[in-house]
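Student: Take the sequence shown: its letter number 51 is residue 116 in the numbering used here, and every next letter is one higher. The following block contains the structure, expressed as structure tokens.
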Amino acid sequence: MRKYNLGIDIGGTSIKIGLFDIDGNLLEVFTLKTNLRDHGRYILFEIASLIKKKVDFQEIKAIGFGVPGPVANNIVYSCVNLGWGRKDIASEFKEIIKDDEILIKVANDANLAAAGEIYKGVASGYSNCFMVTLGTGIGSGVIVAGRVVDGINGVAGEIGHIHVDDDYNLSCNCGKSGCLETVSSATGIVRLANEYLKKSDKPSMLRKFPYFSAKKVIDLAKSGDELAFEIIDKAMNYLGQALAKVSYVINPDIFIIGGGVSNAGDFIVNLITKHYYPLVKPFINHTNFAIATLGNDAGMFGACYLVK
Ligand SMILES: [Zn+2]
Numbered sequence: 066m067r068k069y070n071l072g073i074d075i076g077g078t079s080i081k082i083g084l085f086d087i088d089g090n091l092l093e094v095f096t097l098k099t100n101l102r103d104h105g106r107y108i109l110f111e112i113a114s115l116i117k118k119k120v121d122f123q124e125i126k127a128i129g130f131g132v133p134g135p136v137a138n139n140i141v142y143s144c145v146n147l148g149w150g151r152k153d154i155a156s157e158f159k160e161i162i163k164d165d166e167i168l169i170k171v172a173n174d175a176n177l178a179a180a181g182e183i184y185k186g187v188a189s190g191y192s193n194c195f196m197v198t199l200g201t202g203i204g205s206g207v208i209v210a211g212r213v214v215d216g217i218n219g220v221a222g223e224i225g226h227i228h229v230d231d232d233y234n235l236s237c238n239c240g241k242s243g244c245l246e247t248v249s250s251a252t253g254i255v256r257l258a259n260e261y262l263k264k265s266d267k268p269s270m271l272r273k274f275p276y277f278s279a280k281k282v283i284d285l286a287k288s289g290d291e292l293a294f295e296i297i298d299k300a301m302n303y304l305g306q307a308l309a310k311v312s313y314v315i316n317p318d319i320f321i322i323g324g325g326v327s328n329a330g331d332f333i334v335n336l337i338t339k340h341y342y343p344l345v346k347p348f349i350n351h352t353n354f355a356i357a358t359l360g361n362d363a364g365m366f367g368a369c370y371l372v373k
């Protein structure tokens, strides 16, 4: 009897496999190091063989996969971190496990992180949500009416590459410049800080460090360093403006903020909302903002939500 679902989050360094009962309760988690050899060709085989050691495939009803790259219509477009180009995971995995009846769905990991937060995290009970992950880059996930939104090329909601800045016009990994990611991600905050240090004469503790992290800028801003505060305020101004635009498109119940920068908690949320609300009133009087709660498990829960 098929009595389990699996939520699998494939990351660039490790893979998390959650075994869920049909009601969506997490029973067990298996982890695996991501084998990147030969353009990641062994990844699906190794996932299948680990699962086989733990549970009979005949007992599995559905599998959700989360991958670090764009996905549309269940097809992966590319996962640079894994060495994958276009890939039909569902067909390949069914072939590996010799089971055609199993339901397999695939989605982008940032979208699944948003789904995970709706399923078991801070957005529980909501059906329209937008999640933004502020780390090395900016990841984002969109859920509308309870469904993950991919778009035709899998880039729906990828606000990290919305053009927001003409003042510094910093170059972005995507090949363009002035993207939100270049000024509001953790890396972006450091880049913005270096621009401020060049153009301003204001004293700041930041000048004492040859290199510093986004966390250092945030900590100094919290402790009253005026220039550090200006930098973070500007970074969150860009983000608040971008989220205001998102609101006019999908009007979410809740914005979820995740990633390393979100460790600053209410301090960051208050800065974002300070810049967000003046741009959406009088149409939008209330949108919830919350810090993500599931951390690295969000993708695994989201992958289960996808097939539940
Ligand atoms: Zn970009």
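Even glycine gets a Cβ: it sits at the ideal position worked out from N, Cα and C.
Report yes if the CB atom of Leu271 is closer than 8 Å to the CB atom of Leu257, and no otherwise.
Tutor: What you label residue 271 is simply residue 206 of the sequence shown in a count that begins at 1. What you label residue 257 is simply residue 192 of the sequence shown in a count that begins at 1. No; because the gap between Cβ atoms is not below 8 Å, this pair is not in contact.
Student: Would you check whether ligand 1 has a heavy atom nearer than 7 Å to the C-beta of Asn238?
Tutor: Numbered from 1 along the sequence shown, position 173 holds the residue referred to as residue 238. Checking every heavy atom of ligand 1 against the Cβ of Asn238, one is found closer than 7 Å.
Student: Which of the three DSSP states is assigned to Asp74 in this structure?
Tutor: Taking the sequence shown and counting its residues from 1, the one referred to as residue 74 is at position 9. Asp74: strand per DSSP, three-state reduction.
Student: Does the Cβ of Cys194 lie closer than 7 Å to at least one heavy atom of ligand 1?
Tutor: Position 129 of the sequence shown, counted from the first residue, corresponds to residue 194. Result no, Cβ not under 7 Å from ligand 1.
Student: Does DSSP put Asn353 in a helix, in a strand, or in coil?
Tutor: Stepping through the sequence shown from its first residue, residue 353 is reached at position 288. Three-state result, Asn353: strand.
Student: Looking only at DSSP bridge pairs, what is Val197 linked to?
Tutor: For the purposes of this step, residue 197 is identified with residue 132 of the sequence shown, where counting begins at 1. Checking the DSSP bridge columns, you'll see Val197 partnered with Ser205 and Ile322.
Student: For Lys241, verify whether its CB is less than 7 Å away from any heavy atom of ligand 1.
Tutor: As a position in the sequence shown, residue 241 is number 176, starting the count at 1. Within the cutoff, so yes.
Student: Got a sec: does ligand 1 put a non-hydrogen atom nearer than 7 Å to the Cβ of Glu246?
Tutor: Here residue 246 corresponds to residue number 181 of the sequence shown, with the count starting at 1. Using a cutoff of 7 Å, the CB of Glu246 counts as near ligand 1, since one of the ligand's heavy atoms is closer than that.
Student: So what does Asp86 bridge to, in DSSP terms?
Tutor: The residue labelled residue 86 in the question sits at position 21 within the sequence shown. Its beta-bridge partners are Tyr69.
Student: Let me confirm a value: Ala210 is counted as buried when at least 16 other C-beta atoms fall within 10 Å, else exposed. Which label applies?
Tutor: On the sequence shown, residue 210 is found 145 positions in, with the first residue counted as 1. Residue environment for Ala210: exposed (fewer than 16 other C-beta atoms within 10 angstroms of its C-beta).
Student: Assuming Ala368 and Gly129 are in contact, meaning their beta carbons sit under 8 Å apart, how far apart are those beta carbons, in whole angstroms?
Tutor: What you label residue 368 is simply residue 303 of the sequence shown in a count that begins at 1. What you label residue 129 is simply residue 64 of the sequence shown in a count that begins at 1. About 3 Å separates the two Cβ atoms, so the contact holds.
Student: Check whether the Cβ of His351 lies closer than 7 Å to any heavy atom of ligand 1, and answer yes or no.
Tutor: For this step, residue 351 is matched to residue 286 along the sequence shown. Checking every heavy atom of ligand 1 against the Cβ of His351, none is found closer than 7 Å.
Student: Would you say Leu245 and Ile203 are within 8 Å of each other, going by their C-beta atoms?
Tutor: Residue 245 sits at position 180 when you count from the first residue of the sequence shown. Residue 203 sits at position 138 when you count from the first residue of the sequence shown. Contact flag set, yes.
Student: Under three-state DSSP, which class holds Gly222?
Tutor: The residue you call residue 222 lines up with position 157 of the sequence shown. DSSP places Gly222 in coil when its eight states are reduced to three.
Student: What separation, rounded to the nearest whole angstrom, lies between the Cα atoms of Gly330 and Glu182?
Tutor: By one-based count along the sequence shown, residue 330 stands at place 265. By one-based count along the sequence shown, residue 182 stands at place 117. Each residue's alpha carbon lies about 16 Å from the other.
Student: How many whole angstroms separate the CB atoms of Gly219 and Asn173, which I take to be in contact at a CB cut-off of 8 Å?
Tutor: Here residue 219 corresponds to residue number 154 of the sequence shown, with the count starting at 1. Here residue 173 corresponds to residue number 108 of the sequence shown, with the count starting at 1. Gly219 to Asn173, Cβ: 6 Å. Contact.
Student: Where do the N-terminal and C-terminal ends of the alpha helix (DSSP H) with Lys117 fall, by residue?
Tutor: Along the sequence shown, one-based indexing puts residue 117 at 52. Per DSSP, Lys117 belongs to the alpha helix (DSSP H) from Ile108 to Lys119.
Student: Would you call the region 74 to 93 in contact with the region 108 to 118, where contact means no fewer than 3 C-beta pairs closer than 8 Å?
Tutor: yes
Student: Please determine, among Asp318, Lys373, Ser288 and Gly89, the residue with the shortest C-alpha to C-alpha distance to Asn350.
Tutor: The count along the sequence shown starts at 1 and reaches residue 350 at position 285. Selected option, being the one with the closest Cα: Asp318.
Student: By the three-class DSSP mapping on this structure, what secondary structure does Ile217 have?
Tutor: On the sequence shown, position 152 is the one that residue 217 refers to. Coil.
Student: Residues bridged to Lys170 by DSSP?
Tutor: Numbered from its first residue, the sequence shown carries residue 170 at position 105. Paired residues: Gly129.
Student: Could you tell me if Cys237 is buried or exposed, where buried requires 16 or more neighbouring beta carbons within 10 angstroms of its beta carbon?
Tutor: Here the question's residue 237 lines up with position 172 in the sequence shown. With 16 or more Cβ atoms within 10 Å of its Cβ, Cys237 is classed as buried.
Student: Under three-state DSSP, which class holds Cys237?
Tutor: In the sequence shown, the residue the question calls residue 237 occupies position 172. DSSP places Cys237 in coil when its eight states are reduced to three.
Student: Please go through the same chain and pick out, in chain order, the residues whose beta-carbon is closer than 6 Å to the beta-carbon of Asn193, but skip the five residues on each side of it.
Tutor: As a position in the sequence shown, residue 193 is number 128, starting the count at 1. Contacts found: Val209, Pro317 and Asp318.
Student: What are the boundary residues of the alpha helix (DSSP H) that includes Thr96?
Tutor: Reading the sequence shown from its first residue, position 31 is the one you call residue 96. In the DSSP annotation of this structure, Thr96 is not part of any alpha helix (DSSP H); the continuous beta strand (DSSP E) holding it starts and ends at Leu91 to Lys98.
Student: Could you check which residue in Met301, Ser265 and Val255 has the C-alpha nearest to that of Lys281?
Tutor: As a position in the sequence shown, residue 281 is number 216, starting the count at 1. With distances taken between CA atoms, Lys281 lies nearest to Val255 out of Met301, Ser265 and Val255.
Student: Can you tell me whether DSSP reads Ile183 as helix, strand or coil?
Tutor: Your numbering for residue 183 matches position 118 in the sequence shown. If DSSP states are grouped into helix, strand and coil, Ile183 belongs with the helices.
Student: Taking all protein chains shown into account, do 16 or more other C-beta atoms lie within 10 angstroms of the C-beta of His340, making it buried, or fewer, making it exposed?
Tutor: Looking up residue 340 in the sequence shown gives position 275. Buried, because 16 or more other Cβ atoms sit within 10 Å of the Cβ of His340.
Student: Based on DSSP bridge pairs, tell me the residues matched to Ala137.
Tutor: Position 72 of the sequence shown holds residue 137. Ala137 is bridged to Ile140.
Student: Is there at least one non-hydrogen atom of ligand 1 closer than 7 Å to the beta-carbon of His226?
Tutor: Within the sequence shown, numbered from 1, the residue matching residue 226 stands at position 161. Yes; taking the cut-off as 7 Å, the Cβ of His226 has a heavy atom of ligand 1 nearer than that.
Student: To which residues does DSSP link Ile254 through a beta bridge?
Tutor: Counting from one through the sequence shown, the residue named residue 254 turns up at place 189. Beta-bridge pairing links Ile254 to no other residue.
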